[in-house]
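Take a look at the structure set out below.
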Ligand code: C2O
Ligand code: CU
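Residue numbers (full-length UniProt numbering): 107 to 607.
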């Protein structure tokens with residue numbers, strides 16, 4: 107049975123920005139920044155914490171005065187933040203009350219294969235009639251025989267990993283783009299003792315920021331150009347869709363161009379690019395005198411060994427950058443914009459921090475040494491593999507010339523071994539590896555770039571770049587994924603299995 111995404115392939119096209127032109131968009135920096143609530147466990151025992159999340163349709167007010175129907179985790183967009191402790195298992199039961207099947211993946215999770223959210227491991231909606239085929243997914247009934255369940259699924263995340271900013275999102279075969287666009291996304295923060303012992307900003311001064319662009323139709327619904335899974339009559343893929351979908355409204359934690367009141371103190375900002383296809387180059391305006399406004403303390407896989415300072419930060423889809431900004435470097439009353447210098451017009455603005463004039467104390471600092479980070483050893487490499495990310499001839503996106511086909515792997519690393527993986531690209535791709543974090547060894551044969559520090563699970567490849575990473579496959583055997591995190595490229599088959607054995 108062919109992968110559905112390979113069946114629906116189309117045509118040439120340029121990256122498509124969908125316009126919300128018929129709606130009046132709010133002026134920037136009016137809406138207060140929401141921070142998603144932390145999910146409370148429904149139970150705990152000596153080893154594990156138990157959670158429940160219902161995937162449901164919700165009516166949200168994203169643009170002021172406008173009703174938007176979203177697909178949500180627990181009724182909000184972003185969904186609730188799951189906050190777990192390293193060394194304790196998180197057992198999360200998902201119930202699907204959406205009109206469509208879903209798949210949950212914990213991005214950056216060190217997860218056994220049966221809980222990882224393989225795109226064919228569908229969670230069918232409550233009450234789903236097994237005889238019905240799945241809209242827009244010809245042939246899915248056959249795959250559904252495997253690890254497909256109806257109504258509820260429980261995923262176990264053992265928690266054998268260090269503190270890090272992870273996130274969870276929909277990963278359904280061929281429909282990850284529309285599922286995430288409609289709201290199926292949330293933070294999952296792992297905490298540990300090493301991090302807790304550091305004097306980093308905490309509490310209200312530790313703020314997750316999920317950047318995601320969206321467009322809205324005249325009726326307030328999310329506008330997505332293609333592949334509407336609720337309506338099998340919607341024709342396939344448009345040109346706009348093919349190269350990745352961009353919105354014209356920048357949301358942070360689900361709010362359009364929000365603002366946040368900040369004290370003259372250090373803040374930890376956990377930046378996540380949860381956009382389907384948009385790249386950001388972030389910069390504070392004004393820059394504090396002396397520059398180095400953004401002190402990076404962490405990457406996808408948790409704390410760096412030592413902080414790295416930046417004036418600008420580039421975020422490819424799915425990447426996370428944990429930064430500390432010291433707002434005491436600004437005069438009281440300063441408005442500090444977070445800009446996206448890769449955007450144009452209104453997509454060049456992200457949010458604003460308004461620095462208060464009240465006197466506060468700030469005990470937080472950024473230590474010169476943050477964490478012990480093991481360096482993977484190039485001499486330990488037992489295999490070197492090349493993965494080429496390219497557009498195929500007009501009918502999709504490929505890795506090593508292959509469209510994704512579930513069950514066909516491109517690599518079989520041995521459990522416990524270290525490998526060198528070399529990714530090269532035609533256009534911009536955001537390469538993500540499931541199961542294990544990796545370390546960037548080289549970029550274009552040279553030293554790693556300014557955004558490559560630490561443990562990563564996603565790496566941005568600019569056009570015609572090559573990036574070498576070291577990865578060690580630990581703890582769990584089974585089938586995992588390697589794919590582009592431009593979600594439309596992913597849905598258009600730029601994905602491959604690898605099997606750890
Ligand atoms: Cu963020 Cu395979 O996914
Ligand atoms: Cu791509």
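All residues carry an ideal CB built from backbone N, CA and C; glycine is no exception. The model shown is predicted, which means the values in this text are computed figures rather than measured ones.
- DSSP, read as helix, strand or coil, puts residue 347 in helix.
- DSSP places residue 318 in the strand class (E or B) of the three-state scheme.
- For residue 556, the closest alpha carbon among the candidates 217, 385, 414 and 145 is that of 414.
- About 7 Å separates the Cβ atoms of residue 311 and residue 372, confirming a contact at the 8 Å cut-off.
- Shown here, residue 466 sits in coil according to DSSP, grouped into three states, outside any helix or strand.
- Annotation for residue 297 indicates a beta carbon at 7 Å or more from all heavy atoms of ligand 1.
- Here residue 275 is buried: its Cβ has 16 or more other Cβ atoms, across all protein chains shown, within 10 Å.
- Per DSSP, residue 286 is one residue of the alpha helix (DSSP H) stretching across 282-287.
- Annotation: the continuous beta strand (DSSP E) that includes residue 432 extends over 426-432.
- With the rule of 3 Cβ pairs closer than 8 Å, the stretch 186-197 counts as touching the stretch 291-311.
- Taking 8 Å as the upper bound for CB-CB distance, residue 417 and residue 402 are not in contact here, some 11 Å apart.
- The DSSP-derived three-state label of residue 397 is coil.
- Beta-carbon to beta-carbon, residue 381 and residue 423 are separated by about 6 Å, close enough to satisfy the 8 Å threshold.
- Summarising the contact set, residues whose Cβ lies nearer than 7 Å to any heavy atom of ligand 1 are, in chain order, 211, 213, 275, 277, 424, 538, 540, 587, 589 and 591.
- Here residue 595 carries a helix assignment [DSSP, helix/strand/coil].
- Secondary structure in the UniProt domain "Plastocyanin-like" (498-607): the beta strand (DSSP E) runs of 3 residues or longer, each lying completely within the stretch, are 503-505, 515-517, 524-531, 535-539, 544-549, 564-567, 572-578, 584-590 and 601-606 in chain order.
- Taking the CA atoms as reference points, residue 526 sits about 15 Å from residue 606.
- Not one heavy atom of ligand 2 sits closer than 7 Å to the Cβ of residue 579.
- When DSSP states are grouped into helix, strand and coil, residue 300 belongs to the helix group.
- Among the bridge pairs identified by DSSP, residue 234 is matched with none.
- Between the alpha carbons of residue 454 and residue 202 lies a gap of roughly 36 Å.
- Contact check for residue 546 and residue 523: beta-carbon distance about 19 Å, past the 8 Å limit, so the pair fails to qualify.
- Spanning the alpha carbons of residue 194 and residue 232 requires a straight line of approximately 29 Å.
- Distance between residue 478 and residue 411, taken at the CA atoms: about 6 Å.
- Judged by their CB atoms, residue 135 and residue 365 are nearer to each other than the 8 Å cut-off.
- DSSP assignment within the UniProt domain "Plastocyanin-like" (164-226) yields the following whole beta strand (DSSP E) runs of 3 residues or more, N-terminal first: 173-179, 188-191, 195-202 and 210-213.
- Distance from residue 216 to residue 581 at the Cβ level is roughly 7 Å; contact confirmed, criterion being Cβ atoms closer than 8 Å.
- For residue 419, the enclosing beta strand (DSSP E) covers residues 418-421.
- Bridge partners of residue 258 according to DSSP: 201.
- With a cutoff of 8 Å on beta-carbon distance, residue 254 and residue 272 are scored as not near each other.
- For residue 146, the closest C-alpha among the options 152, 361 and 156 is that of 156.
- Sixteen is the threshold: since fewer than 16 other Cβ atoms of the shown chains lie within 10 Å of the Cβ of residue 569, the residue is exposed.
- Closest in alpha carbon position to residue 263, among 363, 131, 368 and 222, is 222.
- When secondary structure is reduced to three states using DSSP, residue 361 falls in the strand class.
- The beta carbon of residue 538 sits closer than 7 Å to those of 424, 563, 564, 589 and 591, all from its chain and outside the five residues before and after it, given in chain order.
- Counting along the chain, the unbroken beta strand (DSSP E) around residue 459 starts and ends at 455-461.
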